[in-house]
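Counting the sequence shown from 1 gives a position; my numbering is that position plus 75.
Here is the structure we will look at.
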Amino acid sequence: MIYSLKMNLSIYLHIPFCTKRCSYCDFNTYAGLENIISTYVQALCREIEILGKKLPDSYRNKVHTIYFGGGTPSLLRPEEIKAILTFLKWHFGFTSDLEITLEANPGTLNLAKVEGYGEVGVNRLSIGFQAANERELQLLGRLHTLEDVVEAVRIARLAGVRNLNLDLIYGLPGQKLADWKNTLQVALSLQVEHLSLYSLTIEEGTLMDEWIRGGKLPYPDGDFAADCYELAREMLAQYGYIHYEISNWAKPGEYGLNFCRHNLQYWKNREYVGLGAGAHGFVGGFRLANVLHPIQYIQKLSAPSNNDFPFTPATDNSRGVDREEEMKDTVMLGLRLVQDGVGDEDFYQRFGVRLKEVFPREITKLLRKGLVEWIATDQPRLRLTRFGQLLANQAFLEFV
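Next comes the structure, spelled out in structure tokens:
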């Protein structure tokens, strides 16, 4: 693996518990298992300990972002988050500019809980807003109301949270452009630092997939989703948000740009450790995935371990990543960064070759289609055009 171990490391922790599974969700989540959360947290700490004991020195004190995803991480008490972070600090070590993000559903928050999260180190909150329209929230299977979202943001501000993200979904069956515009207007009125906007995708086996197959709902319209995306680009630019990744916008703040540094780790194809049931990681030259079910995960981690880093008893599958695949992944993921794209000098420093040397045919083809462009900033950069952002998957396929 060419990637330098001197770079910082990120940690993703999967919290797979939900009060109710949403109609569109195909993530590794489970409703009705809240009674095992405490045992699950203990298993997470055990996985951290196992990795920490075999952690190469080149990774120590390099963790600069931590992300609690789910599921619904806000079902955990602050004391449980503290226990996990304490184990991570002891066994991995942190940088001084640590970003800690926790995903939250609006109805699971109160002032004491959010203050507690802040006291143990959480400094970025990502709230699942999704839609302002009550019909759309019900269609998505969300348990919260618009009022719950407004209250969650108010509570977060009272608790001192200065880096807030809202997740929104567009392109829903039966959605009107006016509905989406209203959702955007409400989100903008809340004056958060970051917005993540996702086009609804219908995944096989979800409840929404069943409804569509049964004729209860129309299939989402791709052209309408593109219209929603165009509207969002226009409105968010007017409010000073910087479009830095295909689905993400950030507003300049007191301490600079509020980009999600954890997700930048993914988009720059840098290393991250995945902890928890179903978590994925990319570290030590391997892509890894843990067992899916939290009960099986707990059972696996109750057994003795003699695994070498980066493997644990919970590792379900893994594969080595060769240089060619890593180069392809670096371009495919980097093109998601709509401002910076993939820097030719950055690529050369990492792999010892230029982009045009490795991908002459692919780049020429995409340039002819108008999907990518070269820009000159601090270095030559290959990025998606504005048109290419609408057809990004076509560009990505060239590097699969």
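Think of the CB as a built atom: it goes at the ideal place given N, C-alpha and C, for glycine as much as any other residue.
Identify every residue that forms a DSSP beta bridge with residue i.
i      : result
GLU320 : ASN323
ASP242 : GLY203, SER271
PRO455 : ALA451
ARG362 : PHE357, ARG394
GLU174 : THR140
TYR105 : PHE92
LEU84  : VAL138
GLY145 : ILE90
GLY331 : GLY328
TYR341 : In the DSSP output, where bridge partners are listed per residue, TYR341 has none listed.
PHE169 : VAL138
TYR347 : SER85, PHE357
ALA562 : In the structure as shown, the chain begins at 76 and stops at 475. Residue 562 is therefore absent and cannot be evaluated.
VAL195 : The partner list for VAL195 (beta bridge, DSSP) is empty, contrary to what the question assumes.
GLY418 : ARG456
For my contact list, residue i and residue j are in at a C-beta cut-off of 8 Å; report their separation, rounded to the angstrom.
i      : j      : result
VAL348 : GLY356 : 5 Å
GLU122 : LEU350 : 5 Å
LEU275 : TYR245 : 7 Å
ILE373 : TYR115 : 6 Å
LEU363 : PRO385 : 6 Å
ALA300 : VAL261 : Between VAL261 and ALA300 the Cβ distance is about 20 Å, and since that is not below 8 Å, they are no contact.
ILE90  : PRO148 : 4 Å
ASN136 : PHE169 : 7 Å
MET402 : VAL433 : 6 Å
LEU376 : ALA389 : 6 Å
Can you check whether the C-beta of residue i is within less than 9 Å of a C-beta belonging to chain B?
i      : result
ILE438 : Of the chains in the structure shown, none is chain B; there is only one protein chain.
Are the beta-carbon atoms of residue i and residue j separated by less than 9 Å?
i      : j      : result
LEU259 : ALA227 : no
GLY146 : GLU174 : no
GLU309 : ASN338 : no
ALA234 : GLY193 : yes
ASP242 : SER201 : yes
LEU84  : HIS139 : yes
ILE156 : VAL195 : yes
LEU459 : VAL475 : no
ALA354 : TYR87  : yes
LEU265 : LEU311 : no
GLU211 : LEU247 : yes
LEU292 : GLY249 : yes
PRO379 : GLU420 : no
GLY416 : ILE450 : yes
If you compare alpha carbons, which of the options is closest to residue i?
i      : options                        : result
MET82  : ALA262, LEU441, LYS440, LYS343 : LYS343
THR387 : GLU124, ALA206, GLY235, LEU446 : GLU124
ILE159 : PRO369, TYR142, SER171         : TYR142
VAL366 : ILE86, THR104, SER85, LYS95    : THR104
LEU412 : TYR341, ARG394, LEU376         : TYR341
GLU346 : GLU400, GLN414, TYR134         : TYR134
TYR273 : ASN257, GLU285, CYS303         : CYS303
LEU130 : HIS318, LYS164, PRO455, ASP453 : LYS164
SER322 : GLN414, VAL189, ALA378, TRP449 : GLN414
LYS188 : LEU215, SER171, LEU150, VAL225 : LEU150
GLU479 : GLU473, ASP453, GLN371         : Past the boundaries of the shown model lies residue 479; the chain is included only from 76 to 475, so the question cannot be answered.
ASN198 : LEU214, VAL236, ASP172, VAL225 : VAL236
Roughly how many whole angstroms lie between the Cα atoms of residue i and residue j?
i      : j      : result
GLU222 : PRO181 : 9 Å
PHE334 : TYR316 : 11 Å
PHE92  : THR439 : 46 Å
LEU126 : ALA118 : 12 Å
THR405 : LEU282 : 34 Å
ALA352 : ARG443 : 43 Å
LEU108 : GLY289 : 30 Å
ASP391 : ARG398 : 23 Å
CYS97  : ARG217 : 6 Å
ASP383 : PHE422 : 30 Å
LEU263 : TYR314 : 8 Å
GLN469 : ARG152 : 43 Å
ILE77  : GLY427 : At ILE77 the pLDDT is 38, less than 50, meaning the model places this residue with poor confidence and gives no usable figure here.
LEU80  : ASP296 : Confidence at LEU80 is low in this model, with a pLDDT of 41, below 50, so the placement of that residue should be treated as unreliable; the coordinate-derived value is given next. Computed Cα separation, rounded: 44 Å.
ASP101 : HIS219 : 19 Å
LEU466 : VAL267 : 28 Å
THR176 : GLU190 : 14 Å
GLY280 : GLN424 : 43 Å
So does residue i have its beta carbon nearer than 8 Å to some heavy atom of the ligand FMN?
i      : result
LEU410 : As presented, the structure is devoid of all ligands, the ligand FMN included, so that no description of it is given.
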